[in-house]
Structures are given as structure tokens and as C-alpha cells.
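**Student:**
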Amino acid sequence: MSKVGIIGGITPESTILYYRILNALAANKLGDQHTAKVLVNSVDFGMISYHQQKEEWDILNNCIADAAIALEKAGASCILIGANTMHLCYDYAQEKVNIPIIHIADATSNAISKKRISKVGLLGTKYTMEKDFYKSILLDNNIQTIVPNRKEREVVHEIIYGELAKGIFTEKSKATFLEIIDNLVENGAEGVILGCTEIPLLIHQKDVNVPIFNTTEIHAIAAFEFINQ
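Quick note on our numbering: the sequence shown kicks off at 26 and runs consecutively.
Written as C-alpha cells, this is what we have:
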């Protein structure tokens with residue numbers, strides 16, 4: 026089996042989830058005793074968060090590219106950037122390596138298209154909700170994206186960084202997310218993208234009446250399918 030490289034640590038919570046999903050996929054395909062061949066290169070989330078706040082994306086580009094180069098040298102066949110927001114560095118990093126970095130929005134767009142959904146709500150960090158790097162890929166696939174209002178976006182961002190990224194999951198925050206999802210549905214969303222790799226640790230399909238798209242799971246499946254094609 027080829028190796029999946031993960032740029033992890035952004036955050037540790039989601040990196041663990043990627044690892045669990047990949048190993049579950051391997052066990053399902055090959056048998057219970059089998060595990061996935063995974064390389065993890067963890068970066069310092071504190072440093073990432075600091076430079077995000079300062080909008081120093083040139084520094085972040087180099088950080089993600091360096092991590093990708095190291096994974097390629099270590100023998101990875103493909104790479105996952107283990108965070109939706111850090112796909113802002115995708116283009117720069119992909120230019121620096123000769124193996125594919127699987128884009129989380131491409132994988133998610135494919136999953137949405139299979140459901141024949143044309144309008145989705147997008148939850149994530151403020152960078153993911155407000156910048157175009159995610160929405161433009163969806164639009165290229167004829168999928169319209171709507172996001173929460175400004176106040177709700179601030180609340181979502183604060184919960185992600187203040188709680189979920191630290192492994193804190195509360196019923197209060199879950200209720201807040203579900204209320205925001207209800208508002209997106211009222212505004213026409215036929216499904217909702219959990220566009221932060223920590224959100225699926227809080228919100229599950231059974232909590233919502235429309236399809237949700239767990240980007241962590243979708244991303245991991247795309248990588249597993251790539252190395253087994």
C-alpha cells in the first residue's frame with residue numbers, strides 16, 4: 026500500500042480524526058488487523074494561528090510547503106493538508122512538490138455533486154467562510170454557497186479557535202451551531218459543509234435534517250481511494 030502524508034497539528038484534534046478514519050478504511054478494505062500507511066508531519070498550531078491573525082500568508086505558504094516537501098522526501102504518495110483554512114496555501118505548496126496534494130474543496134465538491142445538491146451552507150473559520158478559495162471551487166462545479174451572517178460567523182470562528190481546537194466540546198456550543206445551521210437551511214441551503222476539520226467532532230448527521238458534508242472524512246476517503254486506485 027502506498028503512503029498518505031498528512032500535514033497535521035492544525036489542529037491535533039483533527040489530525041487524530043484523519044488517522045482514525047484512514048485506519049478504519051484500511052481495516053474495512055484489507056481486514057481487521059490491517060492499518061493504513063500514514064506519514065504525519067505536524068506543524069506548530071500556535072505559530073499557524075499567530076500568522077493567520079496577522080494575515081502573514083507568505084510565511085504560512087512557506088511553512089506548509091516545507092512540510093509537504095518533507096513528506097514527499099519521506100515517501101508519501103499523496104498529501105493531505107489537515108485543515109480547511111490552510112488550503113489557502115495549497116497552490117504555493119503544490120508547486121513545490123511532485124506528488125498530488127489532494128484539495129479538500131475538490132473532494133467535497135465531488136461529494137456534493139453526487140447528492141445532486143446545488144446550494145449549500147458553509148461553516149468554518151472566518152477565513153474559510155469569508156475568502157473565496159473554497160467557494161470558487163464549488164462555483165466551478167455549479168454549486169452555490171451561502172454563509173452565516175457576520176455575527177454568526179464571528180461566533181462560529183470563536184468557538185472553533187476557543188473550544189474545538191482545544192478539544193473542548195459543549196452542549197451549549199452544539200446548540201449554537203445547530204441554530205446557525207437551521208438559519209442556513211431557512212435561507213435555502215440543501216445541505217451544509219462542515220468546513221472545519223474539528224466541527225465533525227461536535228456536529229453529526231443525526232443532529233441535522235439535511236445532508237451534512239464532513240470534510241475531514243471526505244478528504245481522508247479521497248486520499249485512501251487515490252493510493253488504492
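We put the beta carbon where it would ideally sit given N, CA and C, even for glycine. All of these numbers come straight from a predicted model, not from anything done at the bench.
#1: I think ILE46 touches ALA247, with their Cβ atoms under 8 Å apart; what is that distance to the nearest whole Å?
#2: Can you tell me the Cα-Cα spacing of VAL68 and ILE32, whole angstroms?
#3: Since TYR35 and PHE70 should fall inside the 8 Å C-beta cutoff, what is the C-beta to C-beta distance between them, to a whole number of angstroms?
#4: Would you mind giving the Cβ-Cβ distance between ARG141 and GLU155, rounded to the nearest angstrom? I have them listed as a contact below 8 Å.
#5: Out of curiosity, what's the CA-to-CA distance linking ILE162 and ASP131?
#6: Any idea which residues DSSP pairs CYS103 with across the strands?
#7: Among LYS139, VAL65, ALA49, LEU64, which residue has its Cα nearest to the Cα of GLN58?
#8: I need the boundaries of the beta strand (DSSP E) containing ASN53, first residue and last residue.
#9: I need the straight-line Cα distance from ASP91 to ALA118, nearest angstrom please.
#10: What residue does the beta strand (DSSP E) around GLY216 start on, and which one ends it?
#11: For the putative contact between LYS28 and GLY146, defined by C-beta atoms under 8 Å, what is the C-beta separation to the nearest angstrom?
#12: Could you have a look at LYS144 and say whether DSSP puts it in helix, strand or coil?
#13: Tell me the DSSP secondary structure of LEU113 in three-state form.
#14: By a C-beta neighbour count over all protein chains shown, 10 Å radius and 16 as the cutoff for buried, is GLU120 buried or exposed?
#15: Hey, THR241 and LEU42: beta-carbon distance below 8 Å or not?
#16: Please report the distance separating the alpha-carbon of ILE84 from that of LYS98.
**Tutor:** The short version:
#1: Not quite, the Cβ-Cβ distance comes to about 11 Å (not below 8 Å), so this is no contact.
#2: Taking the straight line joining both Cα atoms gives about 7 Å.
#3: According to the sequence shown, residue 35 is Ile rather than Tyr. Approximately 5 Å separates the beta-carbon atoms of ILE35 and PHE70; this is inside 8 Å, confirming the contact.
#4: Rounded to whole angstroms, the Cβ separation of ARG141 and GLU155 is 27 Å, and the two are not in contact under 8 Å.
#5: So the two alpha carbons sit approximately 7 Å from each other.
#6: VAL29.
#7: Nearest option by C-alpha distance: ALA49.
#8: Unbroken run through ASN53 is the alpha helix (DSSP H), 37 to 55; no beta strand (DSSP E).
#9: Cα-Cα distance, rounded: 8 Å.
#10: Note, GLY216: beta strand (DSSP E), 216 to 219.
#11: About 35 Å; that fails the 8 Å criterion.
#12: Three-state DSSP puts LYS144 in a strand.
#13: Looking at LEU113 - three-state DSSP - the assignment turns out to be helix.
#14: Per the 10 Å Cβ criterion, exposed.
#15: Taking 8 Å as the Cβ cut-off, THR241 and LEU42 qualify as a contacting pair.
#16: When rounded, the distance between both Cα atoms is 21 Å.
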